[in-house]
Amino acid sequence: MFSLRFSPIAALAVALVLTPLILLSEPALAHEQAGIAGGALSGFLHPLTGPDHMIAMVAVGIWGAQLGVPAIWVLPITFPIVMAAGGVLGILKLPLPFEEPVIALSALVLGAAVAIRLKLPFAFAAAIVAVFAIFHGYAHGTELPHAANPLAYGIGFVVATGLLHLCGISIGLLLRWPVGDRLIRGMGAAIALLGCYFLVRSLGGIA
Amino acid sequence: MKIVSAHAARITAAAFATLAAITPAHAHLIGTRFGDFYAGAFHPITDLNDVLLWLALGLLAGSLQGERSRWLVLLFPLGLACGFVVSTSAGITFGGNATNATLIGALGLALAAGTRIPAPLLGIIGFSLGVTRGIANAAAIEATTNLTLFGAGLACAGYATITLLMALVMAFRRAEAGPATAWRGIALRALGGWIAAIGLMMIGFTYAGSGST
Chain A
1 MFSLRFSPIA ALAVALVLTP LILLSEPALA HEQAGIAGGA LSGFLHPLTG
51 PDHMIAMVAV GIWGAQLGVP AIWVLPITFP IVMAAGGVLG ILKLPLPFEE
101 PVIALSALVL GAAVAIRLKL PFAFAAAIVA VFAIFHGYAH GTELPHAANP
151 LAYGIGFVVA TGLLHLCGIS IGLLLRWPVG DRLIRGMGAA IALLGCYFLV
201 RSLGGIA
Chain B
208 MKIVSAHAAR ITAAAFATLA AITPAHAHLI GTRFGDFYAG AFHPITDLND
258 VLLWLALGLL AGSLQGERSR WLVLLFPLGL ACGFVVSTSA GITFGGNATN
308 ATLIGALGLA LAAGTRIPAP LLGIIGFSLG VTRGIANAAA IEATTNLTLF
358 GAGLACAGYA TITLLMALVM AFRRAEAGPA TAWRGIALRA LGGWIAAIGL
408 MMIGFTYAGS GST
């Protein structure tokens, strides 16, 4: 058992930390495009500010690292191209059903694959990732024609997506150590849980 | 005391000399003697199509190593100069968004796939790309522009960019020494994948037309 006691020094320290944080706080912007004219920065932020996109992309990188060669190098090369194919579908406004649920499902499936260290034949794993890549690309592609500079916007979101994969692959390097393996699998479980939340939300289960 | 005075006198003299040498600052290079040269050299930076295409060509040429790509060092700037001359003398313009997107996609795919393009074909691609970009950059000239300086600046920028990019890529690849450093080649091909993705989307956007917005 321990008792809580009021300490003036601790209170002063907390106040000193909180005061600048409160003073520096700014209004939250729910929409990431606010104040940005749809250029490279806007495109770059699009995958980063959508948590469902972000965790799925990181999970792709981690799973690639878990699967090893050739997935670890085929994935970063081919994923952006397949994603671009999905992007073209979005640009052309071709209907793609269940866009948001499938993006959420991608986080759930990829997170679960990382968590249980799922070893699939390369072709099968590539097919799963390719299907999800098309849906992620579609979501980005629908935004592209509305950008002030579509080329700059496209560059931004392709670079951000590639860097998220790189981030995942870098996390995958922890596999060299037993503790790192457990850490990565825990991370996969967290991604799967978040994917589950986004899936329920996209299906209208959570307001 | 004497030493300090002498030192102070030297500093004062240097300060006066510096102040006397001051000339008005030129915020725009166009106001300087070689303005048109620099305008030509830096104009490609203002167009992302130029930036992407030059980058893609330089990465691809560098990844093919010197035996195949060394002629590009001459052919690409020559193409730029030819395109510029053709455009300024015959009034030809280039507004090919679809061509740009296709070229970006094709160069990116070639880099991503690790295609071993033969030297003559690479030379033709480099020269043709130079011609199209020379015509596109010629659109920036005005009535007062010195065409020779602008064209020379453009060609020099093409030469410097392609040469430096190829050299950087070759040096980057040369450090590969076994499986531990094989990621260097993969990183280059991944960059090709990024470029191809951008090209593919821009092809879609171009063909979707204004109705897509």
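Sequences listed follow chains A and B, in order.
Under the numbering used here, think of the first position of the first sequence as 1, with each following residue one higher.
Under the numbering used here, think of the first position of the second sequence as 208, with each following residue one higher.
Note that beta-carbon positions come from the ideal geometry of N, C-alpha and C, so glycine has one too.
Please read all numbers here as calculations on a predicted model, not as lab measurements.
(message) Suppose you measure from the CA of Gly35(A) to the CA of Glu143(A); what does that come to, to the nearest Å?
(response) Summary for Gly35(A): the model assigns pLDDT 44, below 50, so the residue's position carries little reliability; its value from the coordinates is reported in the next sentence. So the two alpha carbons sit approximately 16 Å from each other.
(message) Quick check: what's the CA-CA separation for Cys363(B) versus Ala192(A)?
(response) 53 Å
(request) Determine the direct distance from the alpha carbon of Leu163(A) to that of Ala65(A), and round the result to whole angstroms. (result) Put simply, the backbone Cα of Ala65(A) is about 15 Å away from that of Leu163(A).
(message) Within a Cβ cutoff of 6 Å, which residues of the same chain sit near Phe132(A), ignoring the five residues on either side of it in sequence?
(response) Ser106
(request) Return the residues of the region 134-154 of chain A that lie within a Cβ-Cβ distance of less than 7 Å from chain B, sorted by chain order. (result) Gly141, Leu144, Pro145, His146, Pro150, Leu151, Ala152, Gly154
(message) Between the alpha carbons of Trp261(B) and Gly273(B), how many angstroms are there, rounded?
(response) Using only the alpha carbons, I get a separation of about 17 Å.
(message) Check this for me: beta carbons of Gly495(B) and Pro80(A), under 7 Å apart or not?
(response) Residue numbering for chain B in the displayed model covers 208 to 420; residue 495(B) lies beyond these limits and cannot be assessed.
(request) With 9 Å as the limit, tell me which residues of the region 400-416 of chain B have their beta carbon closer than that to any beta carbon of chain A; keep them in chain order. (result) Gly400, Trp401, Ile402, Ala403, Ala404, Ile405, Gly406, Leu407, Met408, Met409, Ile410, Gly411, Phe412, Tyr414, Ala415
(request) Give the single residue among Ala343(B), Pro325(B), Thr413(B), Thr351(B) whose Cα lies nearest to the Cα of Gly242(B). (result) Thr351(B)
(request) Compare the C-alpha of Gly302(B) against each of Ala347(B), Asn353(B), Thr355(B) and name the closest. (result) Ala347(B)
(request) Would you check if the region 372-381 of chain B and the region 318-328 of chain B touch, i.e. whether three or more CB-CB distances between them fall below 8 Å? (result) Contact check between the region 318-328 of chain B and the region 372-381 of chain B: fewer than three CB pairs, one atom from each, fall below 8 Å, which does not count as touching.
(message) For chain B, check one thing: does any of its Cβ atoms lie closer than 7 Å to the Cβ of Ala71(A)?
(response) Any Cβ of chain B closer than 7 Å to the Cβ of Ala71(A) would place that residue at the interface, and such an atom is absent.
(request) May I have the straight-line CA-CA distance separating Cys196(A) from Ile128(A), to the nearest angstrom? (result) So the two alpha carbons sit approximately 18 Å from each other.
(message) Do Ala115(A) and Ala56(A) have their beta-carbon atoms positioned less than 7 Å apart in this structure?
(response) Going by C-beta atoms, Ala56(A) is not nearer than 7 Å to Ala115(A).
(request) Let me know if Trp63(A) comes out buried or exposed under the rule of 16 or more other beta-carbons within 10 Å of its beta-carbon. (result) By the neighbour-count criterion, in which 16 or more other beta carbons inside 10 Å mark a residue as buried, Trp63(A) falls on the buried side.
(request) Could you tell me the boundaries of the alpha helix (DSSP H) in which Phe357(B) lies? (result) Going by DSSP, Phe357(B) is part of the alpha helix (DSSP H) stretching over 354-381.
(request) Report yes or no: is there a C-beta of chain B within less than 7 Å of the C-beta of Pro95(A)? (result) Proximity of Pro95(A) to chain B, defined by a Cβ-Cβ separation below 7 Å, is not satisfied.
(request) Mind the definition here: the region 93-100 of chain A touches the region 147-155 of chain A only if three or more C-beta pairs lie below 8 Å; say whether that holds. (result) Segments in contact, no.
(request) Give the residues of chain B in contact with Gly209(A), contact being defined as C-beta atoms less than 9 Å apart. (result) Residue 209(A) lies beyond the residue range present for chain A, which begins at 1 and ends at 207; the question has no answer from this structure.
(request) For my contact list, Ile184(A) and Leu175(A) are in at a C-beta cut-off of 8 Å; report their separation, rounded to the angstrom. (result) 6 Å
(message) Quick check on Ile393(B) - is its C-beta less than 7 Å from some C-beta in chain A?
(response) Closer than 7 Å to some Cβ of chain A, the Cβ of Ile393(B) qualifies, so yes.
(request) Following the continuous alpha helix (DSSP H) through Ile134(A), name the residue where it begins and the one where it ends. (result) 122-143
(request) With distances taken Cα to Cα, identify the nearest neighbour of Asn353(B) among Arg277(B), Gly333(B), Thr295(B). (result) Thr295(B)
(request) Return the chain-ordered list of same chain residues with a C-beta closer than 6 Å to the C-beta of Ala268(B), the five sequence neighbours on each side being excluded. (result) Ser276, Leu279, Met373
(request) With DSSP as the reference, label Pro47(A) as helix, strand or coil. (result) helix
(request) Please work out which residues of its chain come closer than 7 Å, Cβ to Cβ, to Pro145(A), disregarding the five sequence neighbours upstream and downstream, and give them in chain order. (result) Ile91
(request) Using a Cβ cut-off of 8 Å, pull out every chain A residue sitting near Ala364(B), in sequence order please. (result) Near Ala364(B) there are no residues of chain A at all, since even the closest Cβ is about 20 Å away, more than 8 Å.
(message) Starting from Ala345(B), trace the alpha helix (DSSP H) in both directions and tell me its first and last residue.
(response) 326-345
(request) Please name the residues in the region 310-340 of chain B whose beta-carbon is closer than 7 Å to at least one beta-carbon of chain A, in chain order. (result) Ala319
(message) Pop quiz: Leu282(B) and Gly333(B) are said to be a contact at Cβ under 8 Å. What is the actual Cβ separation, rounded to whole angstroms?
(response) 5 Å
(message) Under 7 Å, Cβ to Cβ, is there at least one residue of chain A near Leu255(B)?
(response) Using a CB distance cut-off of 7 Å, Leu255(B) counts as an interface residue toward chain A.
(request) Keeping to the same chain, check which residues put their C-beta closer than 7 Å to that of Phe198(A); ignore five residues upstream and five downstream. (result) Asp52, Ala104, Ala107
(request) Measure the alpha-carbon distance for Leu120(A) versus Gly312(B) and round it to whole angstroms. (result) Cα to Cα, the separation comes out at about 31 Å.
(request) Quick one: grab the DSSP three-state call for Ala350(B). (result) coil
(message) Please classify Ile218(B) as buried or exposed, where buried requires at least 16 other C-beta atoms within 10 Å of its C-beta.
(response) exposed
(message) For a cutoff of 7 Å on Cβ pairs, would you count Gln33(A) as touching chain B?
(response) Note on Gln33(A): pLDDT 47, under 50, position unreliable in the model; no value is reported.
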